[in-house]
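In the working numbering, the protein residues as written are 36 to 748.
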């Protein structure tokens, strides 16, 4: 028998029998993996990995959507090129195109502002606050009442934690609401671009090679964190000084070979390992296909609207890159579901679990599984309406107007009563989003995107379109008039709406403000229905997860929480794989492969300096003794997902040997089902990064700043 909602007891002893490679583990869980990590050859003491205040974990940071790590005591940070893409694009113009040509600051004065959305988060403290979130919740509450009570407690925990402007706290759920942890992070707001190679290196292969293997991409870039002279986070200022990072990773140019162990630390975004079969079928058969079609259509509109205009191309470069990445991943999930029937595999697991649960139900409600099935069906139905809403409101200017009006309404409430995302602590983020449009918006392009989106919306199934929304939306032929009757494309005028009261919005003649006001009731209805369903799910799913954990424990199987953008550690080995019968793909790609792929046509353009260096075999200390050339990328069996981009890949001693940046196409379904035989993560080999820095871009100032261990001669 098991006891519900007693996770520390339920999980006791489970992790010691974890399967190799699988799992995105919370640092405090790692001692339970001691035997497994020792077996694969990890030598760094595990107590170092569990203590966030000590090396190497204290050097692992987040940029809010990617992972990164300190590599010097002066706040120098290494992450992926695509993670720094927004900062590179922000500073680029058609005449000074750092995307195409790369950027290197030869001194601190030459470093460029990353922009208001470029932030660095240093995790300092993690504490279990499950009791404070869940204890004493009345079972008679409606779903919405429960949701709002839990959110109120979370907001109180956050307010208690954020003792100064330099801190950002959060209380994410683990195991789908079974457990809650409060996380305190130092939030550094002055982040500058230091170095990024040309896209011909940093994005070699582009979207064609995305998720493919072999890859030959130098997906790396350097940032620097700055703080006030008192050492505390401060608003961007010329007077700020480099952040003195308490710890930083030593860079090892000694390299890896096939079979070597690795550790990977970062902030994985979202996985769905514990989803029900019905949720998988909905994603596979309905949700993902319509989303892919919508993204393909949106990209076609952007391409047509920006064609022949270099300024427009630069402004939408990051938007296009982001859409392409999500689209290819979603398409990969669909292909993966077609290749292996994960829903059928989950059916078997679900049947086994339900049979076990019938015999080991304990004090769980008798109707637990029936209630869960009904709630999931309601969740799926509402998610279809939410997608339709997103299509019908697919305009950056309309999104800005909706944000501004919602902020005005929320500011009528006391700060603790406002919805998350609209409290005073969120104001700087709202300003940053509204300001960022200055570098990523062209009104005529936004107009074309919105008109096309409205046409797609009209073709969605009637049952998925939110009630009353059709009558409120403009017809595609009327969209041009909206853009002629708004001032929101002007950054100063857009920001001037912050702080105005709701009545000013209702009296406005601005076309998008008026549309945002008209749409609010439908938006509010959708949100309230979402709160009701989420509140009910948060009552039922933790009971289900507690049962699943007990069931898995009875089988000696691993139990780890789904990824939720919090600091995790995973591990594995450098490994080849076989995507299909008769084909084995090796774990390394090399600079020779870079030259072989050169066509002179984007995205396979190799800089002349690279071609010359490879032909002359100017490999220096970065030549692999087995490959007899410079390795570019390598594969490992580590368990990763989105958000792990930029994650530090460390050797057995905890030294930096690579950066995670992608997965193989066959691995994309790992977000839902981990298949050890074919799941492989793709990493930049640190030797290629160092070789490009030394031989191609002559970033000698950064090479001197880092602590680098070179191979013994």
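Positions of the beta carbon are idealized from the N, C-alpha and C atoms, including for glycine.
For this session: Could you tell me whether any Cβ in chain D is nearer than 8 Å to the Cβ of residue 465?
Result: Given the protein chain composition of this structure (a single chain), no chain D is represented.
For this session: Label residue 273 either buried or exposed according to how many other C-beta atoms from any shown protein chain fall within 10 Å of its C-beta, with 16 as the threshold for buried.
Result: The residue given as residue 273 occupies position 238 in the chain shown. Exposed, since its Cβ has fewer than 16 Cβ neighbours within 10 Å.
Exercise. Is residue 649 helix, strand or coil by DSSP?
Worked result: Numbered from its first residue, the chain shown carries residue 649 at position 614. In this structure, residue 649 counts as helix in the three-state DSSP scheme.
Problem set entry | Same chain only: Cβ atoms within 7 Å of residue 129, ignoring 5 sequence neighbours per side | By one-based count along the chain shown, residue 129 stands at place 94. Within the same chain, 345, 346, 349 come within 7 Å of residue 129 by CB-CB distance, once the 5 residues on both sides are set aside.
For this session: Could you check what DSSP says for residue 135 in three-state terms: helix, strand or coil?
Result: The residue you call residue 135 lines up with position 100 of the chain shown. Residue 135: helix per DSSP, three-state reduction.
Exercise. Is the number of C-beta pairs between the segment 384-401 and the segment 552-567 that are closer than 8 Å three or more?
Worked result: no
For this session: Return the CA-CA distance between residue 135 and residue 124, expressed in angstroms with no decimal places.
Result: As a working mapping, residue 135 is identified with position 100 in the chain shown. As a working mapping, residue 124 is identified with position 89 in the chain shown. Cα to Cα, the separation comes out at about 10 Å.
For this session: Below 8 Å on the Cβ atoms is my guess for residue 188 versus residue 597; work out the distance and round it to an integer in Å.
Result: Here the question's residue 188 lines up with position 153 in the chain shown. Here the question's residue 597 lines up with position 562 in the chain shown. Not confirmed; about 22 Å, so no contact.
Exercise. Alpha carbon to alpha carbon, how far is residue 428 from residue 485?
Worked result: Here residue 428 is taken as the residue at index 393 of the chain shown, counted from 1. Here residue 485 is taken as the residue at index 450 of the chain shown, counted from 1. Spanning the two alpha carbons is a distance of roughly 8 Å.
Problem set entry | Whole-angstrom C-beta distance between residue 372 and residue 704, which should lie under 8 Å | Counting from 1 along the chain shown, the entry for residue 704 is found at position 669. Counting from 1 along the chain shown, the entry for residue 372 is found at position 337. Confirmed, about 7 Å.
Exercise. Per DSSP, what kind of secondary structure is residue 738 in: helix, strand or coil?
Worked result: In the chain shown, the residue the question calls residue 738 occupies position 703. The answer is helix: DSSP assigns residue 738 an H, G or I state.
For this session: May I have a chain-ordered list of the beta strand (DSSP E) segments no shorter than 3 residues that lie completely inside the segment 76-125?
Result: 95-97, 102-105, 111-114
Problem set entry | Cβ contact check for the segment 104-118 and the segment 229-237: 3 or more pairs under 8 Å | yes
Exercise. In its own chain, which residues sit with a C-beta less than 6 Å from the C-beta of residue 690, not counting the 5 before and 5 after it?
Worked result: Here residue 690 refers to the residue found at position 655 when the chain shown is read from its first residue. Contacts found: 285, 287.
Exercise. In three-state terms, what does DSSP make of residue 606?
Worked result: Indexing the chain shown from 1 puts residue 606 at position 571. The answer is strand: DSSP assigns residue 606 an E or B state.
For this session: Using the DSSP secondary-structure output, state which residues sit across from residue 617 in a beta bridge.
Result: Here the question's residue 617 lines up with position 582 in the chain shown. According to DSSP, which records beta bridges pairwise, residue 617 is partnered with nothing at all.
For this session: Helix, strand or coil for residue 626, going by three-state DSSP, please let me know.
Result: For the purposes of this step, residue 626 is identified with residue 591 of the chain shown, where counting begins at 1. The three-state reading of DSSP puts residue 626 in helix, counting H, G and I together.
Exercise. For residue 279, does the three-state DSSP call read helix, strand or coil?
Worked result: In the chain shown, the residue the question calls residue 279 occupies position 244. Reduced to three states, the DSSP call for residue 279 is coil.
For this session: Let me know if residue 214 comes out buried or exposed under the rule of 16 or more other beta-carbons within 10 Å of its beta-carbon.
Result: The sequence position of residue 214 within the chain shown is 179, counting from 1. Buried, since its Cβ has 16 or more Cβ neighbours within 10 Å.
Problem set entry | C-alpha gap between residue 730 and residue 470, whole angstroms | On the chain shown, position 695 is the one that residue 730 refers to. On the chain shown, position 435 is the one that residue 470 refers to. Distance between the alpha carbons of residue 730 and residue 470 is about 38 Å.
Exercise. Can you find at least 3 beta carbon pairs, one from the segment 710-728 and one from the segment 654-663, that sit closer than 8 Å?
Worked result: yes
Exercise. Which residue from 663, 627, 92, 671 puts its Cα closest to that of residue 280?
Worked result: Stepping through the chain shown from its first residue, residue 280 is reached at position 245. A check of alpha carbon separations from residue 280 across 663, 627, 92, 671 identifies 92 as the nearest.
Exercise. How is the beta strand (DSSP E) around residue 257 delimited, first residue to last?
Worked result: Residue numbering aside, residue 257 sits at position 222 when the chain shown is read from its first letter. Note, residue 257: beta strand (DSSP E), 256-262.
Exercise. What separation, rounded to the nearest whole angstrom, lies between the Cα atoms of residue 742 and residue 462?
Worked result: Here residue 742 corresponds to residue number 707 of the chain shown, with the count starting at 1. Here residue 462 corresponds to residue number 427 of the chain shown, with the count starting at 1. Each residue's alpha carbon lies about 39 Å from the other.
Problem set entry | residue 678 classed as buried or exposed, judged by whether at least 16 other C-beta atoms fall within 10 angstroms | One-based indexing of the chain shown puts residue 678 at position 643. Label assigned to residue 678: buried.
For this session: Helix, strand or coil for residue 744, going by three-state DSSP, please let me know.
Result: To locate residue 744, count along the chain shown from 1; it is residue 709. Note: residue 744 maps to strand in three-state DSSP.
For this session: Give a yes or no on contact between the segment 519-539 and the segment 574-587, applying the rule of three or more CB pairs nearer than 8 Å.
Result: no
Problem set entry | Where the beta strand (DSSP E) containing residue 670 begins and where it ends | For the purposes of this step, residue 670 is taken as the residue at position 635 of the chain shown. Per DSSP, residue 670 belongs to the beta strand (DSSP E) from 666-671.
Exercise. Around the C-beta of residue 296, are 16 or more other C-beta atoms found within 10 angstroms, so that it is buried, or is it exposed?
Worked result: By one-based count along the chain shown, residue 296 stands at place 261. Buried, since its Cβ has 16 or more Cβ neighbours within 10 Å.
Exercise. So, residue 365 versus residue 319, is the Cβ gap smaller than 8 Å?
Worked result: As a position in the chain shown, residue 365 is number 330, starting the count at 1. As a position in the chain shown, residue 319 is number 284, starting the count at 1. No, Cβ-Cβ distance for residue 365 and residue 319 is not below 8 Å.
For this session: Go to residue 349, then tell me how far its alpha helix (DSSP H) extends in each direction, as first and last residue.
Result: Here residue 349 refers to the residue found at position 314 of the chain shown. Segment 345-374, the alpha helix (DSSP H) holding residue 349.
Problem set entry | Start and end residues, alpha helix (DSSP H) containing residue 163 | Taking the chain shown and counting its residues from 1, one reaches residue 163 at position 128. Careful: residue 163 lies outside any alpha helix (DSSP H), inside the beta strand (DSSP E) at 155-163.
Exercise. Leaving out the 5 sequence neighbours to the left and right, which residues in its chain are closer than 7 Å to residue 247 when beta-carbon positions are compared?
Worked result: For the purposes of this step, residue 247 is taken as the residue at position 212 of the chain shown. So the qualifying residues of the chain are 700.
Problem set entry | Counterpart residues of residue 223 in DSSP-defined beta bridges | Your numbering for residue 223 matches position 188 in the chain shown. According to DSSP, residue 223 bridges with 155.
For this session: Could you please give the first and the last residue of the uninterrupted beta strand (DSSP E) stretch that includes residue 719?
Result: The residue labelled residue 719 in the question sits at position 684 within the chain shown. Looking at the DSSP string, the run of the beta strand (DSSP E) that includes residue 719 is 716-720.
Problem set entry | Sequence-distant residues of the same chain with beta carbon closer than 8 Å to residue 744, five excluded per side | Taking the chain shown and counting its residues from 1, one reaches residue 744 at position 709. Within the same chain, residue 744 has close Cβ partners 285, 286, 287, 288, 289, 690.
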